[in-house]
Amino acid sequence: MDAISSRRFPALAGGLGRVLLPRLFQAGLVAWLVGTLTFVLTRTLPGDMAYRIAAGRYGHDMVNSAAAEAVRAELALDQPALLAYLHWLGDLLRLDLGNSLVSGEPVIHELSHQLGHSLGLAMVAVLLSLLLGPPLGLAAGLRPGGWWDRVSEGLASLLRALPPFALGLLLILLFSVSLGWLPAAGHGRTAHFVLPALTLALALAAVSSRVARNAMVEVSGSAYYAFSRTKGLGERLSFLRHGLRNAAVPIVAYLGVQFVYLIEGVVVVETLFAWPGIGHALVHAIVARDVPMIQGTALVMGLMFVALNTGVDLLCHGLDPRRRQS
Amino acid sequence: MSATTLFTAGRAGRRRLATRQRLGLGLLGLLLAIAWLTPWLHDADPARQQLVRILELPSLVAPLGTDHLGRDLLARTAAALRLSLGMALLSVISAAVPGILLGVIAGWRGGWVDRVLGSLADACLALPGLLLVLLLVAIAPGNFWALYVGIALVLWIEYFRVVRARTRVLVASPQLQASRLLGFGPGYLFRRHLWPELAPQVLTLAAFGAASAILAMAALGFVSVGLRPPTAELGLMMTELLPYYHEAPWAMAQPILALCLLVLSLNLLAGKDPR
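Structure, rendered in structure tokens:
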């Protein structure tokens with residue numbers, strides 16, 4: 001698929017703006033939404049926000065009014081709401097995300113570490129899911145109603161009903177606790193990648209295998225596919241020349257929908273496997289009321305979502321010439 | 327009622343689709359019965375701790391055993407199912423009503439109304455659903471209503487999009503044009519021409535939406551940013567019982583199994599994915 005798209009990329013300069021502009025707009029929207037919601041967060045949490053944040057930063061027994069006042073001044077909690085809001089958005093615009101209230105480190109600095117870990121996990125998971133899901137789905141779609149179609153449908157339904165955390169839990173119990181093959185949690189060696197990536201990949205593959213199956217059924221029922229067989233191409237050749245690329249379009253397009261699931265899964269799976277990524281950091285920030293970290297992590301995850309979707313748009317654009325013309 | 331309308335959703339392979347949905351309906355009915363009949367048949371408080379009876383095996387007194395604080399697991403699982411199903415019903419209804427209403431308005435009027443509502447829906451989808459819910463939950467921690475508003479805010483878009491696309495086609499259809507020319511009001515047109523066409527898709531979306539609402543709540547409970555203990559909630563129960571998987575595997579299996587069956591039943595009931 002990559003080879004095809006890179007070969008086609010020079011040809012798509014024309015409609016590129018139509019693909020990229022809405023995504024750019026979406027990125028702006030994400031930044032504004034996250035900024036506004038976290039601003040509301042600083043204003044609406046019950047109790048005195050300054051004391052609360054100071055307690056999070058210095059520990060509950062170390063809070064005094066001086067510490068609280070310092071926090072109040074730093075986060076502009078004493079200013080009128082509208083002014084503070086504009087100030088808040090201005091900081092966001094300059095990418096000044098502030099310091100973490102827990103560690104005191106600049107948020108950007110922490111995020112740059114975590115983003116790498118999260119992206120690594122997400123990438124491995126997506127690649128693994130593409131290796132698992134579409135081939136199995138295509139095999140099922142070549143013979144709809146056959147035994148493999150039924151088995152894979154049952155498996156996919158079961159996997160879709162298991163949320164990623166429950167699936168991860170079962171995998172831990174099986175591979176780490178009972179068999180002792182893989183580490184249950186943590187990060188560092190390659191072995192640590194296996195379980196979290198597998199958890200995400202299985203859930204993603206459950207959906208993409210069905211999408212691939214339906215796409216293949218549609219392609220193999222189409223007139224051009226029947227014609228490729230009547231003109232004398234073998235089953236293998238007509239699949240490679242006429243089936244694969246046409247079936248790939250919905251699979252890639254559906255990846256965009258799956259990224260919603262991926263981002264949600266990253267939050268939960270990273271927490272479960274103690275993976276030092278963005279999702280884990282977001283959950284910790286919410287528990288610790290670390291407002292700048294909440295803003296930073298949510299922003300990066302939202303932007304990651306937009307970036308991944310832009311990639312899918314570009315790939316679809318390259319795969320499907322009909323999109324370029326319309 | 328819902329079953330008969332759902333059956334019409336399938337075109338090809340109706341027979342097999344019907345069995346799937348019957349299976350889902352039966353499973354859902356069973357879970358509903360467990361959730362709401364348990365308080366009558368089994369007199370136990372889901373929050374009452376009995377520290378001398380922790381992690382007991384299933385017995386006559388506690389048919390599904392007890393958890394690490396000696397709380398009755400049957401009562402807790404039933405309470406968690408009630409909470410999940412109640413939340414699912416509430417958020418689906420409050421997402422479906424504005425979603426259908428706005429979808430019909432956008433599809434019917436077209437023009438700037440359509441564009442404004444369309445971009446509103448896009449704005450709600452800019453962030454992945456769970457992220458939006460997480461941020462709202464951060465604003466009001468441990469609050470059922472924040473969770474509910476977030477989930478409903480994410481779910482309404484699906485109804486809006488499907489209903490808008492379908493309405494746009496239906497408004498141009500000759501039978502609706504004829505009724506309109508005969509002078510029937512919008513209420514009649516909606517009841518007679520739009521709703522019968524929209525109902526199967528809306529019900530499919532409702533079943534999927536209920537499943538995702540339940541999953542979102544459990545996911546937040548699991549990473550302990552959702553509802554707070556001692557609430558009996560499926561995700562929260564999993565985290566609580568996780569340290570005791572070795573001593574009491576049957577206890578930890580219960581919330582997982584309950585959640586899995588609940589989502590499976592709704593997915594089966596929904597039938598084909600409309601997207």
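Protein sequences appear in the order of chains A and B. Taken in order, the first sequence gives residues 1 to 326; the numbers are from my numbering. Taken in order, the second sequence gives residues 327 to 601; the numbers are from my numbering. Note that the Cβ used here is the ideal one computed from N, Cα and C, for glycine as well.
Output needed for residue 551 of chain B: all residues of its chain with C-beta closer than 8 Å, excluding positions within five of it in sequence on either side, in chain order. Start at 1 with the first residue of the second sequence, and residue 551 of chain B comes out as number 225. For residue 551 of chain B, where only same-chain residues beyond five positions count, the Cβ hits under 8 Å are 460, 463, 464 and 467.
Practice task
Check whether the Cβ of residue 601 of chain B lies closer than 9 Å to any Cβ atom in chain A.
Solution key: Taking the first residue of the second sequence as position 1, residue 601 of chain B is located at position 275. Model confidence at residue 601 of chain B stands at a pLDDT of 40, short of 50, so the residue's coordinates are unreliable; what they give is reported in the following sentence. Residue contact with chain A for residue 601 of chain B: present (Cβ-Cβ distance below 9 Å to some residue of chain A).
**Request:** Grab me the residues of residue 519 of chain B's own chain with a C-beta within less than 6 Å of its C-beta, minus the 5 sequence neighbours each way, in chain order.
**Result:** By one-based count along the second sequence, residue 519 of chain B stands at place 193. Excluding positions up to five away in sequence, the list reads 502.
Quick check on residue 237 of chain A: buried or exposed, where buried means 16 or more other Cβ atoms within 10 Å of its Cβ?
For the purposes of this step, residue 237 of chain A is identified with residue 237 of the first sequence, where counting begins at 1. Per the 10 Å Cβ criterion, exposed.
inquiry  = Against chain B, which members of the stretch 300-326 of chain A pass a CB distance test of less than 8 Å?
reply    = Those residues of the stretch 300-326 of chain A that come within reach of chain B (Cβ to Cβ, closer than 8 Å) are 301, 302, 305 and 306.
In chain B, which residues lie less than 8 Å from residue 157 of chain A when you measure between Cβ atoms? Translated into positions along the first sequence, residue 157 of chain A becomes position 157. Here the neighbours are 590, 593 and 594.
| message | Here's the rule I'm using: 16 or more other beta-carbon atoms within 10 Å means buried, otherwise exposed. How should residue 315 of chain A be labelled? | response | Here the question's residue 315 of chain A lines up with position 315 in the first sequence. By the neighbour-count criterion, in which a residue is buried when 16 or more other Cβ atoms sit within 10 angstroms of its Cβ, residue 315 of chain A is buried.
Note down, in chain order, every chain A residue with its Cβ under 7 Å from the Cβ of residue 548 of chain B. Working through the second sequence from its first residue, we reach residue 548 of chain B at position 222. Result: 165 and 268.
- Task: Could you confirm whether any beta carbon from chain B is found closer than 9 Å to the beta carbon of residue 259 of chain A?
- Result: Position 259 of the first sequence holds residue 259 of chain A. Closer than 9 Å to some Cβ of chain B, the Cβ of residue 259 of chain A qualifies, so yes.
### Task
Excluding the 5 residues preceding and the 5 following residue 177 of chain A in the sequence, name in chain order all residues of the same chain whose CB lies nearer than 8 Å to its CB.
By 1-based counting over the first sequence, the position of residue 177 of chain A is 177. For residue 177 of chain A, where only same-chain residues beyond five positions count, the Cβ hits under 8 Å are 184.
Review point. Terminal residues of the continuous alpha helix (DSSP H) containing residue 38 of chain A?
Key: Against the first sequence, residue 38 of chain A aligns to sequence position 38. Residue 38 of chain A: member of the alpha helix (DSSP H) spanning 16-44, first to last residue.
- request: Identify each residue in the stretch 509-524 of chain B for which the Cβ-Cβ distance to at least one residue of chain A is less than 7 Å, and report them in chain order.
  value: For the stretch 509-524 of chain B, which is checked against every Cβ of chain A, not one residue is closer than 7 Å.
* Asked: Roughly how many whole angstroms lie between the Cα atoms of residue 310 of chain A and residue 146 of chain A?
  -> Start at 1 with the first residue of the first sequence, and residue 310 of chain A comes out as number 310. Start at 1 with the first residue of the first sequence, and residue 146 of chain A comes out as number 146. For residue 310 of chain A and residue 146 of chain A, the distance between alpha carbons rounds to 37 Å.
task: Would you check if there are 3 or more beta carbon pairs closer than 8 Å linking the stretch 531-540 of chain B to the stretch 115-134 of chain A?
output: Because the criterion of three Cβ pairs below 8 Å is not met, the stretch 531-540 of chain B and the stretch 115-134 of chain A do not touch.
Original post:
Relative to the alpha-carbon of residue 454 of chain B, which residue among A/99, A/267 and A/287 has its alpha-carbon at the smallest distance?
Top reply: For the purposes of this step, residue 454 of chain B is taken as the residue at position 128 of the second sequence. Taking only the C-alpha atoms, the option nearest residue 454 of chain B is A/267.
Practice item. Indicate whether residue 589 of chain B and residue 160 of chain A have their beta-carbon atoms separated by less than 9 Å. Key: Working through the second sequence from its first residue, we reach residue 589 of chain B at position 263. Working through the first sequence from its first residue, we reach residue 160 of chain A at position 160. Yes, these two residues count as a Cβ contact at 9 Å.
#### Entry: Residues that residue 298 of chain A contacts on chain B, provided the C-beta gap is smaller than 7 Å
The sequence position of residue 298 of chain A within the first sequence is 298, counting from 1. The CB of residue 298 of chain A comes closer than 7 Å to the CB of 457 and 461 in chain B, given here in chain order.
Check your understanding: Using a C-beta cutoff of 9 Å, does residue 264 of chain A count as contacting chain B?
Key -> Here the question's residue 264 of chain A lines up with position 264 in the first sequence. Contacts with chain B at 9 Å (Cβ-Cβ) include residue 264 of chain A.
- Item | Classification of residue 471 of chain B by the beta-carbon crowding that lies within 10 angstroms, buried from 16 upward | Counted from its first residue, the second sequence places residue 471 of chain B at position 145. Flag for residue 471 of chain B reads exposed.
Quick check: what's the CA-CA separation for residue 122 of chain A versus residue 195 of chain A? Walking along the first sequence from the start, residue 122 of chain A turns up at place 122. Walking along the first sequence from the start, residue 195 of chain A turns up at place 195. Residue 122 of chain A and residue 195 of chain A: Cα-Cα distance of roughly 13 Å.
Are the stretch 289-305 of chain A and the stretch 95-110 of chain A touching, with three or more C-beta to C-beta distances below 8 Å?
Yes: at least three Cβ pairs fall under 8 Å.
For a contact meaning CB atoms closer than 7 Å, what does residue 30 of chain A contact in chain B?
The sequence position of residue 30 of chain A within the first sequence is 30, counting from 1. Residues of chain B passing the Cβ test: 452 and 453.
Simplified DSSP assignment, three categories, for residue 144 of chain A
Within the first sequence, the letter at position 144 stands for residue 144 of chain A. It is coil, neither helix nor strand.
Just the C-alpha distance for residue 221 of chain A and residue 150 of chain A, rounded to the nearest angstrom, thanks.
Indexing the first sequence from 1 puts residue 221 of chain A at position 221. Indexing the first sequence from 1 puts residue 150 of chain A at position 150. It is roughly 19 Å from the alpha-carbon of residue 221 of chain A to the alpha-carbon of residue 150 of chain A.
- Message: Among A/273, A/30 and A/18, whose alpha-carbon lies nearest the alpha-carbon of residue 305 of chain A?
- Response: Residue numbering aside, residue 305 of chain A sits at position 305 when the first sequence is read from its first letter. Here the closest residue by C-alpha is A/30.
Residue range of the alpha helix (DSSP H) that residue 106 of chain A falls in? Numbered from 1 along the first sequence, position 106 holds the residue referred to as residue 106 of chain A. Premise fails: residue 106 of chain A is in no alpha helix (DSSP H) and is neither H nor E.
Problem - Beta-ladder partner(s) of residue 398 of chain B, from DSSP - result: Counted from its first residue, the second sequence places residue 398 of chain B at position 72. According to DSSP, residue 398 of chain B bridges with B/392.
- prompt: Taking Cβ-Cβ distances shorter than 9 Å, what residues in chain A pair up with residue 564 of chain B?
  reply: Numbered from 1 along the second sequence, position 238 holds the residue referred to as residue 564 of chain B. The contacting residues are 165, 166 and 169.
Residues near residue 280 of chain A in its chain [Cβ-Cβ closer than 6 Å; skip 5 each side]: Taking the first residue of the first sequence as position 1, residue 280 of chain A is located at position 280. Same-chain partners within the cutoff: 270 and 271.
Neighbour-count burial assignment, residue 567 of chain B, 16 or more Cβ in a 10 Å radius:
Here residue 567 of chain B corresponds to residue number 241 of the second sequence, with the count starting at 1. With 16 or more neighbouring CB atoms inside 10 Å of its own CB, residue 567 of chain B falls in the buried class.
DSSP puts residue 99 of chain A in a beta bridge; with which residues? On the first sequence, position 99 is the one that residue 99 of chain A refers to. A/106, per the DSSP bridge assignment.
Checklist entry - Cβ of residue 544 of chain B less than 9 Å from any chain A Cβ? => result Counted from its first residue, the second sequence places residue 544 of chain B at position 218. Contacts with chain A at 9 Å (Cβ-Cβ) include residue 544 of chain B.
Q. Is the CB of residue 37 of chain A under 9 Å away from at least one CB in chain B?
A. Against the first sequence, residue 37 of chain A aligns to sequence position 37. True, the Cβ-Cβ gap to chain B drops below 9 Å.
Taking 9 Å as the cut-off, decide whether the C-beta atoms of residue 359 of chain B and residue 411 of chain B are in contact. Taking the first residue of the second sequence as position 1, residue 359 of chain B is located at position 33. Taking the first residue of the second sequence as position 1, residue 411 of chain B is located at position 85. Not a contact, by the Cβ cut-off of 9 Å.
Task: Contact set between residue 541 of chain B and chain A, taken where Cβ atoms lie within less than 8 Å - done: To locate residue 541 of chain B, count along the second sequence from 1; it is residue 215. Residues of chain A passing the Cβ test: 163.
Check residue 64 of chain A in the structure and name its three-state DSSP category. Counted from its first residue, the first sequence places residue 64 of chain A at position 64. Correct three-state label for residue 64 of chain A: coil.
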